[in-house]
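Below is one structure, written out as structure tokens; the observations come after it.
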Amino acid sequence: MNKELLNAIKEQGTSTGEKGWPVAAKDRIAFAACKDCELKDEQVSLTFLWTMRDVVIPKLEKQNLALASNFYTPAGIPVMVRNMLANPQIRYMIMLGNEYACSSPNNQGLQQLTSANALRSFFSKGINPERKVQGFESAVYFDKNIPAEMIQKAAQSVKLVDLNSEMPQASLEEKISKANELLRSLPKKEPFLEKPLTFAFEQMSESLPFEGGPLLVRGKSIPEAWIEIMNAIFTYGKKNLMNASTDRWIKEINNMVCVIEDSQNLDLSLNPFIIPLTLEKIQAYQQEILSPELPAGKAYTYGNKLRAYHHPSAKEIKSMLSNPALQNFEFGKGDFILENIKFNGDAAEINQVQDMVETLKRDPYSKAVVAMTWHPAEELLRKHKSSPCLVLVQALVQDEKLNLTVFFRSHDMVQGWPENAYGMAAVQNEIASALSIPCGLLSIVSGSAQIYNNYYAQVEQMLRQYRKPRNDFKDEKGNFTVELSGGEILASLLHPQDGSVLRMWSGKTAKEVYLQLSNDVRVDGSHAIYLGTELQKAELALKKGLCFEQDKELKF
3 MNKELLNAIK EQGTSTGEKG WPVAAKDRIA FAACKDCELK DEQVSLTFLW
53 TMRDVVIPKL EKQNLALASN FYTPAGIPVM VRNMLANPQI RYMIMLGNEY
103 ACSSPNNQGL QQLTSANALR SFFSKGINPE RKVQGFESAV YFDKNIPAEM
153 IQKAAQSVKL VDLNSEMPQA SLEEKISKAN ELLRSLPKKE PFLEKPLTFA
203 FEQMSESLPF EGGPLLVRGK SIPEAWIEIM NAIFTYGKKN LMNASTDRWI
253 KEINNMVCVI EDSQNLDLSL NPFIIPLTLE KIQAYQQEIL SPELPAGKAY
303 TYGNKLRAYH HPSAKEIKSM LSNPALQNFE FGKGDFILEN IKFNGDAAEI
353 NQVQDMVETL KRDPYSKAVV AMTWHPAEEL LRKHKSSPCL VLVQALVQDE
403 KLNLTVFFRS HDMVQGWPEN AYGMAAVQNE IASALSIPCG LLSIVSGSAQ
453 IYNNYYAQVE QMLRQYRKPR NDFKDEKGNF TVELSGGEIL ASLLHPQDGS
503 VLRMWSGKTA KEVYLQLSND VRVDGSHAIY LGTELQKAEL ALKKGLCFEQ
553 DKELKF
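Residue 393 in this note's numbering sits at position 391 of the sequence shown; the count goes up by one each step and never skips.
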């Protein structure tokens, strides 16, 4: 044991200002020898990917185990490298567990852009001259403070032991057993560096001033809406921490509201996502959210919460159903309620989505069509558990279309939001199809909408590439004409369908008219800027005695 190296590891600074190791993402690591017991010369790190930590950690032998953690996203590789460079005693990384959030076997293929495949690529090929991981160029960003040769050193010095590839048919239990065998038998190696290395973090760019609170964006499709979300948070997001005692700095909007007009559009010709989506990946996620099944090793899925919502007392449910007063309430007696409930011994499972459908069939304009994922007693009392980020879903028929509103308490808008949006679009389509009406608006409200600091560079690059200046001013709230009439500027609001005049404002100056407009109507920001230019042109024409035509240059 190299005591000098070990002391240096224990005395180095971490991303939270403390001393010790791990130096990054310490709050998100399930087991670390330095915090759970005395760090010695442990040489093995282990990831169980998307598998629930409670299923794995208690069964792992801790001797020779330096660190064990989930690995949800390819963006975690730079954090992993920082921790390996800060503890060069680590010479092995064992990988096992679910490779993706959903359980579809179609998503286990090597072609998928999963964290597991990113790790395989990194440890087999390192980084290219552009400091990128092959196949994950937009998903993994190493900040400029980490020298490229040190990144390569970590990739070449730590051996990936890929139990998922070596034991493709084995159960999780068998893989854990094999991991414990490896922890006892892997050959000891010398540290790959003489001393631990730590590096400063790049500073986040400052946001523009913002009063805080909700921001609203709209998009025709999910990709279009996501680009606007990224721009809104990157531009106005407040600097905040994800938790106390964490290094997870974020840009955050409190209540990001996104409205998607055509949620069923699966065209991916526009694919701006940091981790590009495929139709197969979307469909696999939709299959899970449309299924009540709970895969082994997972605490929950949204599909399971919505379609097999657990109620601890079958007796209480049966008592409610047999109560004449409750049976006669609203809909009258019928077996439709029982059809949405499955009794499992002393407990019951409620299919909330089917209940939403049945409620709307009986009352299409009901305002009580709500499903939830939280079990209040559990979520409010067990703070150490990760409560579902999706909290509530509401269906509403308006203009004879099925609108769906979804609330997420906390939202990774870079990686989580796109798949969540496509998943909820599938639920919206399921309900609408059962009612034989088209889908309307999909509105997603994110209580805490976050961009993590390890995504800032990728998001900035994406916005430069995909967000272009608008050249149209389609705005359902405002179809305006501007003209000169009777020695005044006349602005008229027209109906978007039949062109009839709904309201008029007039004045001698652009300011006189725009003050009236701003007091009476709400228009899109870019549309408001356009109106300002037309009003100013009209005022100039009025003063100079020139001919004014909307959208045309003045001729002096």
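For every residue, glycine included, the Cβ atom is placed at its ideal position computed from N, Cα and C.
Terminal residues of the continuous alpha helix (DSSP H) containing residue 410?
-> The count along the sequence shown starts at 1 and reaches residue 410 at position 408. Under the DSSP assignment, residue 410 falls outside any alpha helix (DSSP H), being part of the beta strand (DSSP E) whose first and last residues are 403-410.
Buried/exposed call for residue 178, threshold 16 Cβ in 10 Å = As a first step, residue 178 must be located in the sequence shown, where it is residue number 176. Looking at its Cβ environment, which holds 16 or more other Cβ atoms inside 10 Å, residue 178 is buried.
Return helix, strand or coil for residue 52, following the three-state DSSP convention.
-> The sequence position of residue 52 within the sequence shown is 50, counting from 1. In the three-state reduction of the DSSP assignment, residue 52 falls in the coil class.
Residue range of the alpha helix (DSSP H) that residue 447 falls in?
-> Working through the sequence shown from its first residue, we reach residue 447 at position 445. Per DSSP, residue 447 lies in no alpha helix (DSSP H) segment; the continuous beta strand (DSSP E) that holds it begins and ends at 441-454.
Start-to-end residues for the beta strand (DSSP E) that takes in residue 194 | Taking the first residue of the sequence shown as position 1, residue 194 is located at position 192. Note, residue 194: premise wrong, no beta strand (DSSP E); not H, not E.
Does DSSP put residue 157 in a helix, in a strand, or in coil?
-> What you label residue 157 is simply residue 155 of the sequence shown in a count that begins at 1. Assigned with DSSP and collapsed to three states, residue 157 falls in helix.
What do you get for residue 262, buried or exposed, if any count of 16 or more other CB atoms within 10 angstroms of its CB means buried?
-> Working through the sequence shown from its first residue, we reach residue 262 at position 260. Residue environment analysis places residue 262 among the buried positions, since at least 16 neighbouring C-beta atoms fall within 10 angstroms of its C-beta.
Could you give the residue range of the alpha helix (DSSP H) that holds residue 84?
-> Taking the first residue of the sequence shown as position 1, residue 84 is located at position 82. Under the DSSP assignment, residue 84 falls in the alpha helix (DSSP H) whose first and last residues are 79-87.
Can you have a look at residue 221 and say buried or exposed, based on whether 16 or more other CB atoms are within 10 angstroms of its CB?
-> Looking up residue 221 in the sequence shown gives position 219. So residue 221 counts as buried.
Indicate whether residue 455 and residue 127 have their beta-carbon atoms separated by less than 9 Å.
-> Walking along the sequence shown from the start, residue 455 turns up at place 453. Walking along the sequence shown from the start, residue 127 turns up at place 125. Residue 127 sits away from residue 455, with the two beta carbons spaced by 9 Å or more.
Inter-residue Cα distance where the pair is residue 488 and residue 510 | Here residue 488 refers to the residue found at position 486 of the sequence shown. Here residue 510 refers to the residue found at position 508 of the sequence shown. As the crow flies, the alpha-carbon of residue 488 is around 10 Å from that of residue 510.
Enumerated in chain order, which unbroken segments of the beta strand (DSSP E) with a length of 3 residues or greater are wholly contained in the segment 350-386?
-> Runs of beta strand (DSSP E) with 3 or more residues, each lying fully within the segment 350-386, are found at 372-374, listed in chain order.
Inter-residue Cα distance where the pair is residue 107 and residue 41 = Here residue 107 refers to the residue found at position 105 of the sequence shown. Here residue 41 refers to the residue found at position 39 of the sequence shown. Because residue 107 carries a pLDDT of 45, less than 50, the predicted location of this residue cannot be relied on, and no value is offered for it.
For residue 34, the residue or residues it bridges with in DSSP | Position 32 of the sequence shown holds residue 34. DSSP lists 69 as partners of residue 34.
Report yes if the CB atom of residue 98 is closer than 9 Å to the CB atom of residue 72, and no otherwise.
-> Against the sequence shown, residue 98 aligns to sequence position 96. Against the sequence shown, residue 72 aligns to sequence position 70. No.
With a CB to CB cut of under 6 Å and the five nearest residues on each side skipped, what residues in its chain are close to residue 8?
-> One-based indexing of the sequence shown puts residue 8 at position 6. So no residue of the chain qualifies.
With distances taken Cα to Cα, identify the nearest neighbour of residue 437 among 249, 160, 363.
-> Indexing the sequence shown from 1 puts residue 437 at position 435. Closest in alpha carbon position to residue 437, among 249, 160, 363, is 363.
Enumerate in chain order the residues of its own chain whose CB-to-CB distance from residue 431 is below 7 Å, with the five nearest sequence positions on each side excluded.
-> Working through the sequence shown from its first residue, we reach residue 431 at position 429. Answer for residue 431: 266, 441, listed in chain order.
For the segment 180-189 against the segment 199-209, are there 3 or more C-beta pairs whose distance is under 8 Å?
-> No contact exists between the segment 180-189 and the segment 199-209.
Taking Cβ to Cβ, would you say residue 306 is nearer than 9 Å to residue 465?
-> Within the sequence shown, residue 306 is the residue found at index 304, counting from 1. Within the sequence shown, residue 465 is the residue found at index 463, counting from 1. Cβ atoms of residue 306 and residue 465: not closer than 9 Å.
Run of the beta strand (DSSP E) containing residue 482, from where it starts to where it stops | For the purposes of this step, residue 482 is taken as the residue at position 480 of the sequence shown. 481-487 is the span of the beta strand (DSSP E), which, as asked, contains residue 482.
Report yes or no: do three or more beta-carbon pairs, one from the segment 135-142 and one from the segment 207-218, lie closer than 8 Å?
-> The answer is no - the segment 207-218 does not touch the segment 135-142, with fewer than three Cβ pairs under 8 Å.
Within 10 angstroms of the Cβ of residue 226, are there 16 or more other Cβ atoms? Answer buried if so, exposed if not.
-> Here residue 226 refers to the residue found at position 224 of the sequence shown. By the neighbour-count rule (16 or more Cβ atoms within 10 Å), residue 226 is buried.
Report yes if the CB atom of residue 392 is closer than 9 Å to the CB atom of residue 445, and no otherwise.
-> Residue mapping note: residue 392 aligns to position 390 of the sequence shown, counting from 1. Residue mapping note: residue 445 aligns to position 443 of the sequence shown, counting from 1. No, they are not a contact pair.
Residue 494 - partner residues in DSSP beta bridges = Here residue 494 refers to the residue found at position 492 of the sequence shown. 483, 506, per the DSSP bridge assignment.
What does DSSP give as the partner residues of residue 313 in its beta bridges?
-> Taking the sequence shown and counting its residues from 1, one reaches residue 313 at position 311. DSSP output for residue 313 lists 350 as bridge partner(s).
In whole angstroms, what is the alpha-carbon distance linking residue 434 and residue 424?
-> Taking the first residue of the sequence shown as 1, we reach residue 434 at position 432. Taking the first residue of the sequence shown as 1, we reach residue 424 at position 422. Rounded to the nearest angstrom, the two C-alpha atoms are 15 Å apart.
Three-way DSSP call (helix, strand, coil) for residue 94 in this model = For the purposes of this step, residue 94 is identified with residue 92 of the sequence shown, where counting begins at 1. Look at residue 94 here: in three-state DSSP terms it is strand.
Alpha carbon to alpha carbon, how far is residue 287 from residue 197?
-> Counted from its first residue, the sequence shown places residue 287 at position 285. Counted from its first residue, the sequence shown places residue 197 at position 195. One C-alpha to the other measures close to 44 Å.
Does the beta-carbon of residue 33 have 16 or more other beta-carbons within 10 angstroms, so that it is buried, or is it exposed?
-> Here residue 33 refers to the residue found at position 31 when the sequence shown is read from its first residue. Under this definition residue 33 is a buried residue.
So what's residue 345 in DSSP terms, helix, strand or just coil?
-> As a first step, residue 345 is located in the sequence shown; it is residue number 343 there, counting from the start. In the structure shown, residue 345 sits in a strand (DSSP, three-state: E or B).
Measuring CB to CB, does residue 508 end up less than 9 Å from residue 536?
-> As a working mapping, residue 508 is identified with position 506 in the sequence shown. As a working mapping, residue 536 is identified with position 534 in the sequence shown. No, Cβ-Cβ distance for residue 508 and residue 536 is not below 9 Å.
Of all the options 554, 478, 517, 500, which has the alpha carbon lying nearest to the alpha carbon of residue 493?
-> Numbered from its first residue, the sequence shown carries residue 493 at position 491. Taking only the C-alpha atoms, the option nearest residue 493 is 517.
Rounded to a whole number of angstroms, what is the C-alpha to C-alpha distance between residue 504 and residue 532?
-> Here the question's residue 504 lines up with position 502 in the sequence shown. Here the question's residue 532 lines up with position 530 in the sequence shown. Approximately 20 Å, taken between the alpha carbons.
Using only alpha-carbon positions, find the residue among 248, 255, 249, 413 that is nearest to residue 237.
-> What you label residue 237 is simply residue 235 of the sequence shown in a count that begins at 1. Closest option to residue 237, judged by alpha-carbon separation, among 248, 255, 249, 413: 255.
Is it a yes or a no for the segment 277-285 touching the segment 467-478, going by three-plus beta-carbon pairs under 8 Å?
-> With the cut-off at 8 Å, the segment 277-285 and the segment 467-478 do not touch.
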